[in-house]
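This report refers to the structure that appears directly beneath it.
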Amino acid sequence: MYSAAAAAASPPRRDFISVTLSPEEAVGPGGYNNSKAWRRRSCWRKWKQLSRLQRSVILFLFAFLAVCGVISYTNMGEPWKSLTNKSLDNQRIEPGVPGLKLANPAVLPAPQKADANLGDYPELSPQKQPKLPHVRRGPPNLQIKPPRRDMRLKTQRDTNKVVDEPVQADKEEKTEKSVISWRGAVIEPDQSTEPPSSKIKEPEKPSSMEAESQKEPVPINERQMAVIEAFRHAWKGYKEFAWGHDELKPLSKSYSEWFGLGLTLIDALDTMWILGLKEEFEEARKWVADDLVFDKNVDVNLFESTIRILGGLLSTYHLSGDSLFLEKAKDIGSRLMPAFNTPSKVPYSDVNIGRGTAHPPRWTSDSTVAEVTSIQLEFRELSRLTGDEKFQKAVDEVMKHVHTLSGKNDGLVPMFINTNSGQFTHLGVYTLGARADSYYEYLLKQWIQGGKKENELLEDYVRAIEGVKKHLLQRSQPKKLTFVGELAHGHFSAKMDHLVCFLPGTLALGAHNGLTADHMKLAEALIETCYQMYVQVETGLSPEIVHFNLHAQKGHKDVEIKPADRHNLLRPETVESLFYMYRFTGDKKYQDWGWEILQNFNKYTRVSTGGYTSINNVQNPSNPEPRDKMESFFLGETLKYMFLLFSDDIDLINLDKYVFNTEAHPLPIWMPA
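Now the structure itself:
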């Protein structure tokens, strides 16, 4: 037995066994190295350790997730693909035209693209007394189908030379798919208002309308059908007795010449297009292609040939997309340029388009202010389409010069300007009638055309309207009609030309584009006055000039007419303003007033064998004394505005997309890139 002392002295006892193994013995052959093969064997062992039920549940879950993935991909794949394609399309840029998207948003009741015009087609201007200086004014919309297939194909060949084949094929495919309304119009979309490059380029092409803008056309109503019938009756007389000549003489069944350039036909082109007169338009187009030649030894008036011929050709190009009209426009535009070769750069009134020379009228070295400041819309648009800045540069220089001139009276300008000195002449006389009228109209319309960026134009317009209110507005007796008179060396005259009836429409257009609301109030008052210039006359047709009574007199109306002023030239100004007023207010009374005027034209000016005639005496219903002359602007303006007035389709020339020149030819508003 051990004693207690011995036990305490002995070392403590340890109950374990120490074993030492080599690495090979610890993990088996090859050892543990965290390899993929070792991990797979480990996972497999764990899988085998699961029960059969557990393995079945896991396999079912994997299968279920796989099926859900396939279904989700099928359902979402097409939308993703569509969104991707749309994004790419939005980024695609028209070749050679920076800032223009290939999918062009229509800038108006969509004019057809020059390289994509097909289908049917339809498409108009003022007058002037032969020996008198500028005595006219005609108003400056639409939705139409592009021209026939063979015309479109020719246009494609002429205008698409610079476009790559793949892009061109893509464009044609898109055009094939789009639905073209017969009343759709085509116009340039995103366009810069910067001055055009001096580098010559391929013509700009009218843009096709986006599918979302292509609604079903509004049916033509009975009043519009009456306008179409009136146009066809007028065209019948022109075609039979004056084809290819300037103006019809319906009573003598002959014609008169002014320039010898088919004024009535060119003025009426876009009217036929708007009215949907396909057969008539095609016949007129053939004449333009085969017989319209500008290389002629003839003097033309710069203003009248610009607003009627150049404006008519540019408008028809935009509405139809047919490059024939653009080529003709470039030709006449170039031939008119010698008019600007003056010491002051204020253009001469007359140009010989064959010889390339220009001169003032024989009796003076002056030009009228309206003539030199109412050609800008057309020449600016010609520069934009051709890329040749000379046209816009010439007319812009005139406007900048007039902007700086002294001699104005609160924005009102004299009627004449000297081409040598560049100064106003005949100072102290101010009117919104003949020789000055369209200066005010084009101030506003150039500002609108250029995208509302040229503030000098707007400032001059607003200042001039304030000048009208201050110096020229009066009220008549007994009906207290608001009218625009004239000021001569401080003396007010209660004389108002029918030409002044452009003003209500222009004021309404300005108010629509953001100008002060009192412009619309003034427009409403003035259009009532213009209507009374018809109503208070025995035939229901306005004379050329009226005088208003400022003091009440027993047995007298507001309107007095002098024997020399009682003629009616089938002018459009009142109907033009009725169109604007109805378009912006929706008040049906304006349509009713226009309908009365059309009925009176039919009653007193219609010639049974074809055509309509000016009359000498609006105060004699039994014998209005026909003058045997149908002005070109009756087809170019009066009937066009009638048709638009009676339409309830605001896209039948959308006034946010087009601006009318003073001859009722719609030109596109430049949209910023």
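Note that the UniProt record's numbering numbers the sequence shown so that position 670 is 670, with each residue one more than the last. Beta carbons are placed, not taken as given, at the ideal position from N, Cα and C, and that holds for glycine. Computed from a predicted structure; not experimentally measured.
- Closest by C-alpha distance to Ser476, out of Ser438, Pro624, Ser622 and Glu528, is Glu528.
- With a cutoff of 7 Å on beta-carbon distance, Arg308 and Glu573 are scored as not near each other.
- Note that the C-beta distance between Asp437 and Leu499 is below 7 Å.
- Within its own chain, the residues whose Cβ lies closer than 6 Å to the Cβ of Gln446, once the five positions on either side in sequence are excluded, are Gln376 and Leu457, listed in chain order.
- Looking at Gln423, Asp322 and Leu53, the one whose alpha-carbon comes closest to that of Ser365 is Gln423.
- Under the three-state reduction of DSSP, Arg435 is assigned to coil, being neither helix nor strand.
- It is roughly 13 Å from the alpha-carbon of Glu466 to the alpha-carbon of Lys408.
- A Cβ-Cβ separation of about 17 Å leaves Ala226 out of contact with Gly611 under the 8 Å criterion.
- Nearest in C-alpha terms to Pro361, of all of Thr373, Ala339 and Leu382, is Ala339.
- Cβ-Cβ separation between Lys629 and Glu247: approximately 6 Å, consistent with a contact (criterion under 8 Å).
- CA-CA distance, Asn418 to Val346, rounds to 8 Å.
- For Thr264, the enclosing alpha helix (DSSP H) starts and ends at Leu263 to Leu275.
- Burial state of Cys68 is exposed, judged by a 10 Å Cβ sphere holding fewer than 16 other Cβ atoms.
- Per DSSP, the beta-bridge partners of Leu487 are Tyr430 and Phe492.
- The beta-bridge partner set that DSSP reports for Val300 consists of Val351.
- According to DSSP, Gln474 shares a beta bridge with Phe483.
- Per DSSP, reduced to three states, the secondary structure at His233 is helical.
- Considered as a whole, the stretch 303-376 harbours 311-320, 323-336 and 369-372 as its complete alpha helix (DSSP H) runs of no fewer than 4 residues, in chain order.
- Contact between the stretch 630-646 and the stretch 556-565 is absent: fewer than 3 CB-CB pairs across the two stretches fall below 8 Å.
- In this structure, Glu544 sits near His567, with a CB-CB distance shorter than 7 Å.
- According to the DSSP assignment, Val500 belongs to no beta strand (DSSP E), since it is labelled neither H nor E.
- For Glu257, the secondary structure class from DSSP, reduced to helix, strand or coil, is coil.
- The closest CA to that of Phe416, considering only Val369, Glu486, Glu538 and Leu570, is found on Val369.
- Contact between the stretch 651-669 and the stretch 280-290 is absent, with fewer than three C-beta pairs closer than 8 Å.
- Judged by DSSP secondary structure, Ile465 falls within the alpha helix (DSSP H) whose first and last residues are Asn455 to Gly467.
- Exposed is the label assigned to Glu229, since fewer than 16 other Cβ atoms lie within 10 Å of its Cβ.
- The three-state reading of DSSP puts Pro626 in strand, counting E and B together.
- Out of Leu385, Ile353, Asp350 and Thr342, the CA that lies nearest to the CA of Glu327 is found in Leu385.
- In the structure shown, Arg606 adopts extended strand secondary structure according to DSSP, grouped into three states.
- Residue environment: Leu61 is assigned as exposed (fewer than 16 neighbouring CB atoms within 10 Å of its CB, all protein chains considered).
- Burial is judged here by how many other beta carbons sit within 10 angstroms of a residue's own beta carbon; Leu310 has at least 16 and is buried.
- Rounded to whole angstroms, Gly260 and Asn297 show a C-alpha spacing of 10 Å.
- If you compare the alpha carbons of Ser334, Glu631 and Ala358 with that of Pro343, the shortest gap goes to Ala358.
- Counting the other Cβ atoms within 10 Å of the Cβ of Gly514 gives fewer than 16, which makes it exposed.
- The beta-carbon distance between Thr271 and Leu635, rounded to whole angstroms, is 6 Å. This is short enough to meet the 8 Å contact definition.
- The alpha-carbon separation between Gly594 and Gly262 amounts to approximately 28 Å.
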